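One structure below.
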Amino acid sequence: MDALEELRLLKDQVRDVSRVCNAVATGDLTQKITVPVQGDLMVQLKKVINTMVDNLSHFATEVTRVSRDVGTEGKLGAQAHVEDVEGTWRELMDEVNTLAANLTTQVRGIAAVTSAVAKGDLSKQIDVDASGEILDLKNTVNGMVLQLRMLAVEVTRVTLEVGSQGKLGGEATVPDVEGVWFELVTNVNRMCLSLTDQVRSIATVTTAVARGDLSQKVTIHTEGEINTLKDTVNRMVDQLSAFASEVTRVAVEVGTAGKLGGQARVEGVQGTWKDLTDNVNKMASNLTWQVRSISEVTKAVANGDLGKTMEVDVSGEMLDLKVTINEMVMRLGNFSREVTRVALEVGTEGKLGGQAEVEGVQGTWKDLTDNVNKMASNLTNQVRSISLVTKAVAYGDLSKEIDVDVRGEMLDLKVTINEMVTRLGNFSREVTRVALEVGTEGKLGGQAEVEGVQGTWKDLTDNVNRMASNLTTQVRSISLVTKAVAYGDLTRTIDVEASGEILDLKVTINEMVERLGNFSSEVTRVALEVGTEGRLGGQAKVEGVQGTWRDLTDNVNKMASNLTDQVRGISLVTKAVAYGDLSKKIHVGASGEMLDLKVTINEMVERLGNFSSEVTRVAGEVGTEGKLGGQAEVEGVQGTWKDLTDNVNKMASNLTNQVRSISLVTKAVAYGDLSKKIHVGASGEMLDLKVTINEMVERLGNFSSEVTRVALEVGTEGKLGGQAEVEGVQGTWKDLTDNVNKMASNLTNQVRSISLVTKAVAYGDLSKEIDVDVRGEMLDLKVTINEMVTRLGNFSREVTRVALEVGTEGKLGGQAEVEGVQGTWKDLTDNVNRMASNLTNQVRSISLVTKAVAYGDLTRTIDVEASGEILDLKVTINEMVERLGNFSSEVTRVAREVGTEGKLGGQAEVKGVQGTWKDLTDNVNVMAQNLTLQIRTISDATNAVAEGDLTEKIAGLSVSGEMLSLVNNINNLRRRQTTIKLDPADPQEQTSTEDVEVPITTIAPAWKPGNHLQHLGHLYTAVFLFGLPGRYVRDVPPHTLLGGENWIEASRIVHKRWTKEWTQMGTAAGVLFSVLFTVLQITSAAYDPAVRTVVQLSIVCLFFGVIYALVLSVTFGKLQLGVMRIITENPSREAFWNLWVMLSMPLVWITWGGIYFVIFMAVFFWRSGASNEPDDDHKPSPDQEYAPRAITSILMIVGVVYFILSVRLCLGLNRDESIALRKV
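Reading the sequence shown from the start, the letters are residues 1 to 1224 in the UniProt record's numbering.
Structure representation (structure tokens):
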């Protein structure tokens, strides 16, 4: 080859090398040297260049792959693998791999933290090594996470305290926060503070109302429905205060101050309070009328007015009291009228023999009536006896004596009168004997011997004896002379001393004896007739006498005639006196001693007449006419007659004093004056009568004072509990005292019970009820108050429950369910429910939005209606969400542009953000700027390499690549977290299983309604047979019965409630077991098929109820979390209803055991003592035993089947829950 050809070939080779080099410089690694070359140098150069191009192409391919994987496709962890490279390329490959590894580690660390933040996990931090701007980004993200963690912790703490734990007053304290987060913290604190103030204010007032303090009111400033609640509570307090004050006033007036007639006036009340006010007024009115009627009657009785009776309409024990008081008044009236009639007849009208006839009296009043009748009878007998004797004496009958049984002064009077009659009888007999002997029988010398007489009667006796002695002497002397004359012996003369006419008689007789001769016989005869034989009226008939003898004969005859007249006159008068006729007097002419004798006898007769008339008058006035105070006034009497007059007057005076004193006391008692007593001296039966009457008055006084005291204390002063203590009373008065005490006791118990309950209600204690036994209108009042307390208790419990759940425990959604309330309480219940509902909606809306923000969902806002500070909170949260949305959209845009679209240099522009969000925005912009710088730097470096500049190195960069993966992860994670809801049944929608929270119902689908719980549907039959109120359970939302939305709290509450219920039911079942097994020891019960069948059924039901309770108590604690979470996450009514059935089985069985126990009690009581009651000799036959055994066996089989189903359910719950938890 010539030189030209060699030069041309060399030129082509150089050009081909240059072309390849230019291609390599421009990044075209597809060109190779294809021109033929010669020479060792050119062959070696071609081989080196082509090998370099292959290595560069391979290197570029690996670097491009790594860059695309890490920077574009987001496949972190990629490494460039170029074999047989050395030197700069080896170093470059190592640098690229180091850059990819560092970028992978850093991005994955940042992605992990941001993903955790996106998922709400603020516990993670970026802990990878970094430097430069990546270090700043790391520090920024870690600081953001720390602040978010503090914010989340504080907000969670405050919301938990206020919303769940009910700890009001808490505030979120997050240091160094600014901007939106500062506003968020401030708004949360403002919301909590406002809610705290409102709830505490309302709680203070409601607590005060519950404790009976009605002076508190809600004074905090509120708006909207809270303001409505405030007004409602204040209005309720006003009405309750008015009601309490009025009821308290009436109760104090009627029950304490004793001011009857008071009425409670509460304006504007309705419903139960109006009914309660009306009932209180009705009670007070009825009690007023009853007590006033009793007071009026008792006062009338105390004032002696027995014409009044109780006419008020009563019933029950008050009716018994009314009948008792009216009967008492009627009997007292009958007694008073009868005693007054007897006292008037005996003491005033003098009608003796009267008797008090009081029908139906017993006890003391019967004894008093008998004593009055006995007194009247004794007084009648005594006075009649005295009257009979005095009349006999007045009529001269001295054979009568007082033989009635008397004592005391009446005995003295009886003895005195009887002694007087005896002495008068002796005197009369002696005088009569002497007069008869001397004047009639002619037995001279007789002397009247009357022992013990004094005074006038003694003088009279002496005079009579003297007269008899003188007359005896004279007559004997005359008799002697006349006898001598009669015997013809006219030598004898009268030598006895004589005077007066007797002397004349003596002289005459002596002269006659001396002168008479012829007419001696006549004179002797006449003298013998008149002086000896006592034949008065005789006349001497001497014929032919004249002169002196004629005169003498005439004188003798005249003397005989005068003596006859005088003696006959004296005899007539003395006989009249002897026969009690004091109207006779001596009217014959007399003179001398005969005149003195005539005057003496006439004075005696006159004095005896005066004495008799006075004694008869006094006896008639005192003993017959009843005119007490009369005194016998006999002038001039002395001696025995004076003593007799004084004794009669003393008797009349004593009797007057006694009877008047008795009359005064009985009249005082009749007029209700029990302060009088008989103080007059008495003895004997009168003393007994005095003591009896005084004791009667004293007991009546004690009775009256005690009854008056009790009536005054209970009816006027309102001092309840008083009892009348009357010692020694018996019979009717004891019964009356007991009735009064019973009335006071019943009234005390009733009023105290009513007072206790009303005070309890006034003080907010609604657990009290009136349990005292009452009847009639008091029973109506009792029922009314108890119903009121029950309704108030229901209202209080429901309102307290809702207030506790919403205001303290933070269980929202609760509603107060108070059955049967109306009027103000219904309005108050509705207002409380409306308040709870509004608060629930507001708090749940706030919670929903804050949870959405916590989970990265910034599309939600608070749209619930609100006002006031709640409205401010709503606006604040919505603005916060809006700003967070702007921030998120800007960051997302920058991330999309930089990481997905490859538009480097983009910056996030968020207006109005400050503080942390501003720092975060700045950090994102710095991150984007750094990443842009890194990518551009890497691009420049690769361009430099492509251009063959092997001296270019990346300096100052610790990471490289795009942030597309991070943005995609954040976007994808956020998108999956907020928008993707995976359905495990749809495989097309399941794109990834990493970092997805799968519900328990997905892992444990057996717990869907109709699977494992399906076999519990068989329990519907049992519940239907046992009568469980299914309608109520089906109509109530599950969260309401579970006690809250937090399933852990709900499970704890349910477990606590059911455990308590099962414990109480087991205790009740144990008591019933003891009673039933004790009853089976009774022969009649053990052998009675009906009784034993019911007992066996009751025992079987109680047995299975206790077994259910024990099993559920032991196992439910382990199953509660899984069961409650399943029910809460899948709250279908079917699943909830089936679980409720299982939990209710102990109550169902024990309830039926109680029902069979009640049936057994009825059967046992009705069949005990029947004619067909079985005993040892009449045991039931096997045929009679078959039916009870069959029934009991069937019931036991049903119980075993249901028990096996429940055990299987419990085991299934435990097994599947464990599997579900392990899968999670």
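Each residue gets a CB set at the ideal place from its N, CA and C atoms; glycine is no exception. As the structure is a prediction and not an experimental result, all values here were calculated from the model.
Find out if the Cβ-Cβ distance for the pair Val285, Met310 is shorter than 7 Å.
Here residue 285 is Ser; the residue named in the question, Val, does not match the sequence. Contact flag unset, no.
Classify His221 as helix, strand or coil using the three-state DSSP reduction.
coil
Burial state of Gln1081, where buried means 16 or more other Cβ atoms lie within 10 Å
exposed
DSSP on Met1065, reduced to helix/strand/coil?
helix
Taking C-beta to C-beta, are Val1094 and Ala1085 nearer than 7 Å?
no
Go ahead and pull the three-state DSSP assignment for His58.
helix
Please work out which residues of its chain come closer than 8 Å, Cβ to Cβ, to Met1161, disregarding the five sequence neighbours upstream and downstream, and give them in chain order.
none
CB-CB length for Thr491 against Ala484, believed under 8 Å
7 Å
Using 6 Å as the cut-off, classify the Cβ of Ala816 as near or not near the heavy atoms of the ligand COA, replying yes or no.
Questions concerning the ligand COA fall outside what the structure shown contains, since it holds no ligand whatsoever.
Length of the line joining the Cα atoms of Val772 and Glu787:
15 Å
Could you check how far apart the C-beta atoms of Ser477 and Ile494 are, in whole angstroms? I think they sit under 8 Å.
5 Å
Here's the rule: buried if 16 or more other CB atoms are within 10 angstroms of the residue's CB, otherwise exposed. What is Arg423?
buried
In chain order, what residues of the same chain have a beta carbon less than 6 Å from the beta carbon of Val1106, not counting five sequence neighbours either side?
Gly1066, Ala1069
Nearest to Gly268 by CA position, among Phe243, Thr861, Ser613, is which residue?
Phe243
So, with DSSP's three-state summary, where would you put Gly630?
coil
Roughly how many angstroms separate the alpha carbons of Thr390 and Asp462, rounded to a whole number?
26 Å
Measure the alpha-carbon distance for Thr369 versus Val358 and round it to whole angstroms.
7 Å
Which same chain residues end up closer than 7 Å to Trp289 when comparing Cβ atoms and leaving out the 5 residues on each side of it in sequence?
Val312
What is the rounded straight-line gap between the Cα of Val1201 and the Cα of Leu1110?
17 Å
Tell me the DSSP secondary structure of Gly1154 in three-state form.
helix
In whole angstroms, what is the alpha-carbon distance linking Asp127 and Ala101?
15 Å
Could you check whether Glu606 and Ala632 sit closer than 7 Å to each other, using their CB atoms as the reference points?
no
Taking 7 Å as the cut-off, decide whether the C-beta atoms of Gly500 and Thr472 are in contact.
no
Expected contact under 8 Å - CB spacing of Gln454 and Asn465 to nearest Å
Gln454 to Asn465, Cβ: 15 Å. No contact.
Arg860 classed as buried or exposed, judged by whether at least 16 other C-beta atoms fall within 10 angstroms
buried
Closest Cα partner of Val404 within the set Asn418, Glu338, Asp397:
Asn418
In chain order, what residues of the same chain lie with their CB nearer than 7 Å to the CB of Glu401, ignoring the 5 residues before and after it?
Val389, Asn418, Val421
Please determine, among Lys414, Met467, Asp84, Glu817, the residue with the shortest C-alpha to C-alpha distance to Glu437.
Met467
Under the three-state DSSP convention, the category Val128 falls into:
coil
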